[in-house]
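Residue numbers (this note's numbering), protein chains in the order written: chain F, 5 to 271; chain B, 9 to 276.
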Amino acid sequence: MAAPHAWRAARVTPLGELNAPPRMTAVALRLAVQVVLVWSLWRGLYAQTGTTAGLSRDQAVTYAVLAVLASRLRELDQYAGRDTVLQHMHFGTIVYWYLRPLPPQRYYALRAAGEQLYGLAWALTGYVICLAAGVVEPPRSAAVTGVFVLSMLLGQWVLYYVMLVLDQLCFWTVRNTAAMLILLFAQNLLSGVYAPLWFFPDWFLTMSAFLPFQATLSVPLSLYVGRIPLSDAAFQLSVQAAWVVLLALFTRLLWRRAARRVISQGG
Amino acid sequence: MSVKALRIIWRVTALNFRAQMEYRTEFLLMIAIGAIWQVSVIVFATVLLSRFAGMGGWDSSDVLLIPATRMLAHGLFVLFLGRMHWAGRQIQEGRVDIYLMRPMPVHRQIQLAFFPTNAIGDLTVAAGLMVGALSRSDLDWTAGRITYLIAAVLGGMLLEAALFTVVASASLRFPAADYWGRWLEELLGTFGSYPLNVLPKAVGGLLTYGLPLAFVAYFPAAVLTGHGHTTGVPYWLAAASPLLGLLAYLGSRLLWRWSLGYYSGVNG
């Protein structure tokens, strides 16, 4: 496919955001306040405690702040743009995805890539500011930086597939807002957005080890703060890569089966 | 409100409930999502309380009273006034234009848009947490304390409703302001359940005077558990939280009415 066409599909969501200044202002303010609040909360919690669950105060603060920044990577208001799969299924407009010269799976992937790149701009800006202000610790070595970048990339790739599975679910269920919310909640809880997974009980850690969610965020951030040592990095990266392959095959199958279920309005 | 209006509200609510029941699995999942969302607060609070030695000088049974009050207030808000949270969406979809054509107040029509099934899950977990918090509490639960706790829950409900009504009022002029509502929900969920004195003074001040989150559950719980003098605000102000919730809600309804007067719709 020609690059200009790909560019047009990828920039849809970022352009929608850039055309809504109040939302941009809200994003900047929300990110700043959330970082300050999370930073304050974890510092306050560690006021009378030393290292807990293998995390020192600075590690925990860095982890929590980076989790806030990383959550910006795929948090765009597609609902306002009427372009979620759920909405298309409700309104019967999903059929247009199948009438274009661009295959729906490619359109979906390009939209997601554009979103994630746009989110990355926000997250990186926030990271540079936090680093300069001393809110987060810098990576401990060049090797850690390299492994973290690779792990984050794989994590975002896994996250893309997790979100895709959620969207693909809409092809099979007429009303599934609740199921989507439950899975989104599971994603946030089991990836360590609410709190680093290290603080949770052992049974919780064992359970999440068998699910793809911790590969999206917990692994890259734990590598960054040093909670997962570099010696374990190869194993963790290979687990993330395995999830990418597994979910890629699974979602490919789902796309094929979903196409058979699409009917234009009226049957 | 007349008897006729109440009868209409009841009939529309009953119809909405039946509509929700049409998709049984979705109905049950909606109850589950309300419960799961609240359980997340309990999990997070439990993890923090077990890993760290108390929070801000409060012992764990006192801390539990904060999320219990907040969650109960939130559950009641979702049940009775929670559609204000979705007003932004309805404004974006142009539904307010339809509401303006009908002989019923727009605010009431927004509240009657659908039945909040998730409130059943919210309230079940919240009631369970409140029972747990009260049974672990060493306080002497006199009639005065119980009355104050009930007033605090109702005040918290009204304060949350007031905050979302302000956002909805802004959404009438700037539909993108709806984004602030989601942020507000996140803030209430994450920082409305802990003793705010664990935060630096400036941040605690922001969540007291900037965004009056502290009045929802933290201040009432502080007054009940004897921490009322360590909140950083005058004792009388912390104690007046339920009243402030009522005043804030009445103020927000005036703001809504004023904003609706200036609503011009998508077609001008």
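For each residue, glycine too, the CB sits at the ideal point set by N, CA and C.
These numbers come from a predicted model, not from an experiment.
| Item | Value |
| --- | --- |
| So with CB distances below 7 Å, who are the chain B contacts of F203(F)? | V55 and R59 |
| When you compare each of R91(B), M92(B) and Y271(B) to F182(B) by their alpha carbons, which one comes out closest? | Y271(B) |
| Opposite M63(B) in the DSSP bridges: which residues? | W66(B) |
| State yes or no: is the C-beta of L232(B) within less than 9 Å of the C-beta of L195(B)? | no |
| Quick one, which of R110(B), R78(B), Y217(B) and V104(B) has its alpha-carbon nearest V133(B)'s? | R78(B) |
| Along chain F, in chain order, which residues have C-beta atoms closer than 8 Å to that of W191(B)? | A30 and R34 |
| Whose Cβ in chain B lies nearer than 7 Å to the Cβ of S44(F)? | L207, P208 and V211 |
| Along chain B, in chain order, which residues have C-beta atoms closer than 8 Å to that of V40(F)? | V211 |
| Nearest by alpha-carbon distance to P224(F): which of R256(F), L163(F) and A183(F) is it? | L163(F) |
| Counting contacts by CB-CB distance shorter than 9 Å, is I133(F) in contact with chain B? | no |
| Starting from E168(B), find everything on chain F with Cβ-Cβ shorter than 7 Å and list it in chain order. | Going along chain F, no residue has its Cβ under 7 Å from E168(B), so there is no contact; the nearest lies around 18 Å. |
| For L207(B), does the three-state DSSP call read helix, strand or coil? | coil |
| Let me make sure I understand the geometry here. Which of G196(F), L193(F), Y198(F) and C174(F) has the alpha-carbon closest to that of R261(F)? | C174(F) |
| Ignoring anything shorter than 4 residues or poking outside the segment 164-232 of chain B, list the alpha helix (DSSP H) runs there in chain order. | 186-199 and 209-213 |
| Is there at least one Cβ from chain F nearer than 9 Å to L268(B)'s Cβ? | no |
| Which whole-angstrom value is the C-beta distance of V72(F) and Q38(F), which I expect to be below 8 Å? | 5 Å |
| Note the first and the last residue of the continuous alpha helix (DSSP H) segment covering W11(F). | A7 to A14 |
| Would you list the residues sitting across from T56(F) in a DSSP beta bridge? | L59(F) |
| Among H237(B), S69(B), L108(B) and Y187(B), whose alpha-carbon lies nearest the alpha-carbon of L57(B)? | S69(B) |
| According to DSSP, is D146(B) part of a helix, a strand, or is it coil? | coil |
| Would you call Y202(B) buried or exposed, if buried means 16 or more other Cβ atoms sit within 10 Å of its Cβ? | buried |
| Which word fits T285(F), buried or exposed, when buried means at least 16 other C-beta atoms lie within 10 angstroms of its C-beta? | Residue coverage of chain F in this structure runs from 5 to 271, which leaves residue 285(F) outside it and unanswerable. |
| Of all Cβ atoms in chain F, is any one closer than 9 Å to the Cβ of A184(B)? | yes |
| Identify the contact partners of L37(B) in chain F, using a Cβ-Cβ distance below 7 Å as the criterion. | A182, A183 and I186 |
| From the DSSP output, in three-state form, read off N180(F) for me. | coil |
| Comparing the C-beta of L250(F) with each C-beta of chain B, is any distance below 9 Å? | no |
| Please list, in chain order, all residues of the same chain as C134(F) whose beta carbon is under 8 Å from its beta carbon, the five residues on each side excluded. | V39, V69, L73 and V140 |
| I'd like to know if the segment 232-242 of chain F and the segment 94-105 of chain F are in contact, where contact means that at least 3 CB-CB pairs between them fall below 8 Å. | no |
| How would you list, in chain order, the residues of chain B whose beta-carbon sits under 8 Å from the beta-carbon of R27(F)? | A184 and Y187 |
| Whether or not the segment 86-94 of chain B and the segment 113-127 of chain B are in contact is what I'm after, with contact meaning three or more pairs of Cβ atoms, one per stretch, closer than 8 Å; do they touch? | yes |
| Give the list of continuous alpha helix (DSSP H) stretches no shorter than 4 residues that lie fully inside the segment 153-209 of chain F. | 181-195 |
| At a CB distance below 7 Å, what residues from the segment 146-160 of chain B approach chain F? Give them in sequence order. | none |
| Would you mind working out which of V16(F), W11(F), L41(F) and V31(F) sits nearest P208(B), comparing C-alpha positions? | L41(F) |
| Cutting at 7 Å between CB atoms, please list the residues of its own chain near F223(B), excluding the five before and the five after it. | L167, S249, L252 and G253 |
| Got a sec? Which residues, its chain only, sit under 8 Å from A183(F) by beta carbon, not counting five neighbours each side? | L173 and T177 |
| Going by Cα to Cα distance, which pick from I16(B), L108(B) and A40(B) is closest to R265(B)? | L108(B) |
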